[in-house]
Structures are given as structure tokens and as C-alpha cells.
Amino acid sequence: MRDIGKACGEKWKTMTYEEKVKYYDIATDKRAEFDRAMAEYIKRKESGEDQETEDDSDYDE
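At position 58 of the sequence shown (counting the first as 1) the number is 58 in UniProt numbering, and the numbers step up by one without a gap.
Listed below in C-alpha cells is the structure:
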């Protein structure tokens, strides 16, 4: 796994700004998606909607 990360890092360093732009755009979109999802999660958590009851648990005792 370390070799893959190293190879990717070396490739990234050699890419031009124009080549990197599409990845920056994807990252920006994903960050906005994450921020929206996190805001919804926090809102549910604060309102108590996201509380898991004993009956809702996926764990078998």
C-alpha cells in the first residue's frame, strides 16, 4: 500500500495545474456534499431524532 501512495504522490507532483483542476473540482463537490450531510446529521442529533433505542440496536445480546 505504501508503494501505491508513493507512486500517486510522485504522479501528483508532476501533473500540471490544468490536469489537477478536475480533481480539485471533485474534492470541492465532495466537501460540499459532506458538509450538507453533516449539518443534517447534527440537526437530527440535536433534535433527538437520531437517538437509537434498545429495540433499534443491531446488536444481539
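The C-beta atom is built at its ideal place from N, Cα and C for all residues, glycine as well.
Helix, strand or coil at residue i according to DSSP, with G and I counted as helix
{"i": "T16", "result": "coil"}
{"i": "M1", "result": "coil"}
{"i": "E49", "result": "coil"}
Below-8 Å beta-carbon distance, residue i vs any chain D residue
{"i": "A7", "result": "This model lacks chain D altogether, as it is built from one protein chain only."}
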